[in-house]
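Asks:
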Amino acid sequence: MIALIDYGAGNLTSVRKGFAAVGAELYTPATPTDLDRAHAIVVPGVGHFAATAGLQGPWTEAIRGAVARRVPLLGICLGLQWLFEGSDEAPTVEGLGAIAGTCSRLPQGGGLKVPHVGWNSLHVSQSSRLLSGVAENVQVYFTHSYAAPVTPETAATCEHGARFAAAVESGNIFGVQFHPEKSSEAGLRMLRNFAAAAQG
Amino acid sequence: MLSKRLIACLDVRNGCVVKGVNFEGLRNAGDPAALARRYNEEGIDEVVVLDVTATIEGRRAFEATIRAVSGELFIPLTVGGGIRTESDAAAAIDAGADKVGVNSAALADPALLTRLAWRYGSQAVVVAIDAKRADGRFQVFSRSGSTPTSRDAVEWAIEAEAHGAGEVLLTSIDRDGTRAGFDCELTAAVSTAVSIPVIASGGAGTFDHFTEVFKQGQADAALAASVFHYSEHAVAELKRHLRDQGIPVRC
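Chains as they are written, first to last, in the numbering used here: chain E, 1 to 200; chain W, 201 to 451.
Okay, here's the thing in structure tokens:
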């Protein structure tokens with residue numbers, strides 16, 4: 001069972017539908033202790049980084065505990081940003097800190113709009129379980145204004161005014177800035193790969 | 201590089217897809233879920249479902265239709281028509297919409313955009329603007345193009361962005377259903393005035409119309425109905441045409 005954490009940052013219908021399409025079973029934990037039975041954890045989220053304040057405290061501790069037990073963790077969109085130490089968007093809110101670095105706003109200008117909305121291509125920078133079977137330059141659906149820096153954990157990058165971490169992977173910690181649940185076949189492939197990681 | 205998006209619009213009335221000319225004379229054109237499935241297979245980038253008669257008839261966009269369409273798609277789905285309150289938006293989103301398009305209700309109460317953005321994020325809030333040329337400006341109309349307002353499309357787009365809208369769905373009433381080409385002047389005026397993406401709508405008839413609206417109109421996305429509707433090869437052929445013109449599109 002994959003725990004989908006609902007901390008009030010947006011709508012989870014599409015994420016549920018995406019995992020259902022690849023045959024994964026989801027549940028929404030009511031309390032942090034409900035994470036004890038999770039085979040994997042998904043932290044979704046859209047909107048302002050301040051929304052991740054809802055994860056601070058007991059949820060963060062329970063997620064840290066699960067990660068320490070080698071339970072796979074996937075952050076989607078805001079959930080990827082939350083894997084880092086924090087974001088300029090809400091400097092007082094701490095991220096999980098599993099990956100060093102701080103998220104910052106994408107540069108505007110030169111005819112490029114921010115938010116970055118639409119289909120853009122992935123440059124796969126290292127082999128990864130999450131991106132297994134996903135072709136170089138495949139296009140996926142983004143919608144965000146802030147982005148994570150490229151670090152050694154970056155599995156794929158994308159460029160919009162600046163190059164940023166589109167996918168990260170470090171041990172059992174995974175993250176995607178785009179929305180795999182809205183990225184057609186390539187996105188479903190990644191959800192399937194994560195569900196496979198959840199089964200060991 | 202960010203691709204220009206091609207969006208298929210399903211104008212739905214009483215659960216069936218219809219297509220009008222200049223917002224009137226609707227005629228029946230098929231089952232929404234079947235069309236959504238076909239468009240998805242053909243490689244469309246996004247789908248918009250509009251309940252074209254919802255506001256006038258005081259109805260909510262049919263949740264069953266939204267659910268059926270969203271069941272076919274793993275690409276973004278926007279739902280518009282008759283969304284007047286947060287609970288209308290919640291019903292559409294719970295039924296599977298990723299974004300909601302708000303038109304008449306946002307004109308009456310722009311703070312609705314803010315409340316929706318707060319709850320679902322700006323990326324889920326699309327301000328739909330129907331505009332018509334009048335006295336050298338672009339006048340905004342509400343209620344499916346039936347009611348003139350005192351607003352100017354460019355000014356309203358700027359205001360809507362400030363209120364929390366994450367995208368603009370901009371329809372030219374003059375061009376809607378005519379297949380005479382998008383209103384590139386209107387599109388460019390709005391697109392250069394806001395930093396959120398602008399979806400051009402109304403008037404698509406030929407592949408060159410899309411080239412024009414992406415180049416001269418500076419649109420981020422283009423929406424059409426009949427161009428995609430009547431040929432099963434249109435999406436792929438249009439993308440090939442745009443790529444040949446140097447316009448980035450999703451393969």
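Using N, Cα and C, we set each Cβ at its ideal position, and we do this for glycine too. Remember, it's a predicted structure, so these values are computed and weren't measured experimentally.
Taking 8 Å as the cut-off, decide whether the C-beta atoms of Val218(W) and Val269(W) are in contact.
Replies: One-based indexing of the second sequence puts residue 218(W) at position 18. One-based indexing of the second sequence puts residue 269(W) at position 69. In this structure, Val269(W) does not lie closer than 8 Å to Val218(W) by Cβ.
Asks: Whose CA, out of Gly161(E), Val15(E), Glu25(E), lies closest to the CA of Cys77(E)?
Replies: Sequence index remark: in the first sequence, residue 77(E) carries index 77 (1-based). The shortest C-alpha separation from Cys77(E) is found at Val15(E).
Asks: Give, in chain order, every residue of the region 385-405 of chain W whose Cβ lies closer than 7 Å to some Cβ of chain E.
Replies: Within the region 385-405 of chain W, the residues whose Cβ lies closer than 7 Å to some Cβ of chain E are Ser395, Ile396, Pro397, listed in chain order.
Asks: To the nearest angstrom, how far is the alpha carbon of Arg375(W) from that of Ile283(W)?
Replies: Position 175 of the second sequence holds residue 375(W). Position 83 of the second sequence holds residue 283(W). Between Arg375(W) and Ile283(W), the C-alpha separation is close to 24 Å.
Asks: So, for Ala421(W): in the same chain, excluding its five sequence neighbours on each side, which residues have a beta-carbon less than 6 Å away from its beta-carbon?
Replies: Along the second sequence, one-based indexing puts residue 421(W) at 221. Result list for Ala421(W): Arg205, Ile207, Ile399, in chain order.
Asks: In chain order, what residues of the same chain have a beta carbon less than 6 Å from the beta carbon of Val221(W), not counting five sequence neighbours either side?
Replies: Within the second sequence, numbered from 1, the residue matching residue 221(W) stands at position 21. Per-residue confidence for Val221(W) stands at a pLDDT of 47, beneath the threshold of 50, marking its modelled position as unreliable; no derived number is given.
Asks: With H, G and I counted as helix, E and B as strand and the rest as coil, what does DSSP make of Lys182(E)?
Replies: One-based indexing of the first sequence puts residue 182(E) at position 182. Here Lys182(E) sits in helix by DSSP.
Asks: Specify the secondary structure class of Lys17(E) as computed by DSSP and reduced to three states.
Replies: As a working mapping, residue 17(E) is identified with position 17 in the first sequence. DSSP places Lys17(E) in helix when its eight states are reduced to three.
Asks: Taking 8 Å as the CB-CB limit, is Gln81(E) close to chain W?
Replies: Start at 1 with the first residue of the first sequence, and residue 81(E) comes out as number 81. No, Gln81(E) does not count as interfacial toward chain W.
Asks: May I have a chain-ordered list of the alpha helix (DSSP H) segments no shorter than 4 residues that lie completely inside the region 354-428 of chain W?
Replies: 384-391, 407-415
Asks: Counting beta carbon pairs with one atom in the region 29-41 of chain E and one in the region 296-312 of chain W, are three or more of them shorter than 8 Å?
Replies: Per the Cβ contact rule, the region 296-312 of chain W is not in contact with the region 29-41 of chain E (fewer than 3 Cβ pairs under 8 Å).
Asks: Out of Arg440(W), His433(W), Ala389(W), state which residue places its alpha-carbon closest to the alpha-carbon of Gln416(W).
Replies: Mapped onto the second sequence, residue 416(W) falls at position 216. Closest option to Gln416(W), Cα to Cα, is Ala389(W).
Asks: For a test of the three-state rule: what should DSSP assign to Gln199(E), helix, strand or coil?
Replies: Along the first sequence, one-based indexing puts residue 199(E) at 199. It is coil, neither helix nor strand.
Asks: Give the straight-line distance between the Cα atoms of Val43(E) and Ile2(E), rounded to the nearest whole angstrom.
Replies: Numbered from 1 along the first sequence, position 43 holds the residue referred to as residue 43(E). Numbered from 1 along the first sequence, position 2 holds the residue referred to as residue 2(E). Their Cα atoms are separated by approximately 11 Å.
Asks: In chain order, what residues of the same chain lie with their CB nearer than 7 Å to the CB of His48(E), ignoring the 5 residues before and after it?
Replies: The sequence position of residue 48(E) within the first sequence is 48, counting from 1. Within the same chain, His48(E) has close Cβ partners Glu89, Ala90.
Asks: Under 8 Å, do Val150(E) and Ala165(E) count as touching if we go by C-beta distance?
Replies: Residue mapping note: residue 150(E) aligns to position 150 of the first sequence, counting from 1. Residue mapping note: residue 165(E) aligns to position 165 of the first sequence, counting from 1. Yes, they are a contact pair.
Asks: Pairing CB atoms from the region 399-411 of chain W with CB atoms from the region 353-365 of chain W, are three or more of them under 8 Å?
Replies: no
Asks: Using the C-alpha atoms, what's the distance from Ser426(W) back to Asp143(W)?
Replies: Residue 143(W) is absent from the structure shown; chain W starts at 201 and stops at 451.
Asks: As a quick exercise: from Tyr141(E), Ile173(E), Ser170(E), pick the residue whose alpha carbon is nearest that of His160(E).
Replies: Here residue 160(E) refers to the residue found at position 160 of the first sequence. If you compare the alpha carbons of Tyr141(E), Ile173(E), Ser170(E) with that of His160(E), the shortest gap goes to Tyr141(E).
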